[in-house]
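Before any comments, here is the structure.
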Amino acid sequence: MPHASQELTVRPLAGPHELGLFLELSYLLDPELAEDLSDGRRRPGWMWLALRGERVVARLAWWSRDGSAPLLLDVFDLDDALPAPEREEIGLHLLETATAAVIPTGAPRPEYGRYVPSDWREDPAVREGVESRIRVMERSGARMLVERLRLEWRAGTPVPPDPGRLRFRPVDGREDLLALMTPVMEGTLDAHGRADLAAGLSAREAAEKHYDEELAGYATPREWWRIAELPDGEPVGFVVPARNDYNPIIAYIGVLPDRRGHGYVDDILAEGTRVLAAQDDVERIRASTDLGNVPMARSFARLGYVDFQRAFDMVWD
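In my numbering, the protein residues as written are 28 to 344.
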């Protein structure tokens with residue numbers, strides 16, 4: 028904890044009127060904060076500052092899909108003008124103080140997510156800033172779960188025509204999709220799915236968790252969701268095109284284990300991309316995949332998706 032002579036004040040925002048103060052440090056999510064507050068995805072009480080006098084030296088914020096409880100710690104910024112040991116002490120003090128006030132005792136701590144440049148390791152200054160935040164999180168007991176590629180399809184990028192190997196139909200309810208998500212989960216390369224399995228969930232339970240906690244929350248039409256089948260009706264995989272609060276996205280895509288190795292993932296991804304690209308005013312489609320999921324990353328690249336950013340996910344066990 029910083030020495031008292033530093034006159035450090037740690038507190039939440041008093042209200043939306045203090046957003047300007049919160050913005051004295053910067054991060055790429057800043058343009059979304061005002062709308063998040065007005066729409067209830069954030070609360071002033073979930074947005075905390077560390078101030079030395081009137082100077083903001085650290086800040087953090089949690090996000091939620093519906094405002095009921097913090098779901099993700101996605102803003103954590105330190106004053107990089109301060110020496111690393113000093114800023115990390117301040118950051119740790121802010122993190123622990125805010126967490127104790129916001130997250131109920133005994134409740135799981137929300138995951139920490141951070142977007143970073145794709146080449147963050149190549150710029151010493153950027154790398155130091157990224158690693159400084161990771162060190163603070165690790166000192167608080169978090170561990171790195173995964174580094175992910177953030178990908179983007181941009182309007183005007185050609186989408187290959189359907190080669191006709193598969194036929195696509197809408198998903199017919201929750202059970203229809205879960206019946207395919209379950210075997211996909213059994214051999215998943217996704218770090219979050221693997222963590223759920225390692226924690227003792229069955230493949231079915233892990234699939235249900237993913238459906239209920241993420242897929243069920245999208246308000247876009249279920250008619251967009253597609254199951255891919257062979258001409259004889261045998262299932263091959265699925266894709267979930269959707270729109271979150273910010274962008275059209277490929278929310279989930281999977282190929283059944285016994286259908287892998289035939290390039291079907293390209294056909295399925297192209298179908299999901301076509302569904303979204305056909306909607307009005309779609310300038311980009313976002314997606315992500317774990318850095319270690321090389322087959323999926325290659326499929327996105329073949330479809331013209333650009334690796335524009337990376338993301339870290341850290342968790343507390």
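Quick reminder that beta carbons are idealized off the backbone N, C-alpha and C, glycines included.
In or out: T300 buried (at least 16 other Cβ within 10 Å) or exposed?
Result: buried.
In this structure, does DSSP put A338 in helix, strand or coil?
Strand at A338.
Cβ neighbour criterion (16 or more within 10 Å) applied to V102
V102 is buried by the Cβ-count criterion.
Assumed close pair M341, R166 - CB separation to whole angstroms, cut-off 8 Å
Your pair M341 and R166 does not check out as a contact, with CB atoms roughly 12 Å apart and the cut at 8 Å.
Distance check for I117 and E81, CA to CA, integer angstroms please.
The C-alpha of E81 lies about 15 Å from the C-alpha of I117.
Excluding the five sequence neighbours on either side, which residues of its own chain have a C-beta within less than 6 Å of the C-beta of D63, listed in chain order?
Excluding positions up to five away in sequence, the list reads R69.
Is the CB-CB distance between R177 and A305 below 8 Å?
Their beta carbons are not under 8 Å apart, which means R177 does not touch A305 by this criterion.
Presumed contact (8 Å Cβ cut-off) between P137 and L98, rounded CB distance
Right, the Cβ-Cβ distance comes to about 6 Å (below 8 Å), so this counts as a contact.
If I measure Cβ to Cβ from R286 and keep anything under 7 Å in the same chain, skipping five residues before and after, which residues do I get?
Around R286: V263 and G264.
At 3 residues or longer, and completely inside the region 155-233: list those beta strand (DSSP E) runs for me, N to C.
Runs of the beta strand (DSSP E) inside the region 155-233: 169-181 and 194-197.
Just the Cα atoms here: how many angstroms apart are Y279 and A206?
Straight-line Cα distance between these residues: approximately 15 Å.
Looking at the structure shown, is A77 part of a helix, part of a strand, or coil, going by DSSP?
Of the three classes helix, strand and coil, the one that applies to A77 here is strand, per DSSP.
For D294, is the classification buried or exposed, using 16 other Cβ atoms within 10 angstroms of its Cβ as the cut-off for buried?
So D294 counts as buried.
Going by Cα to Cα distance, which pick from R79, V198, L242 and T247 is closest to E51?
Looking at the Cα atoms, R79 is the closest of the given residues.
Taking the alpha carbon of L242 as the reference point, which residue from R201, A230 and P110 has its own alpha carbon closest?
Residue R201 is the option with its Cα nearest to L242.
So S145 and F335 are in contact, right, with Cβ under 8 Å, and what is the actual spacing, rounded?
That pair is a contact at about 7 Å.
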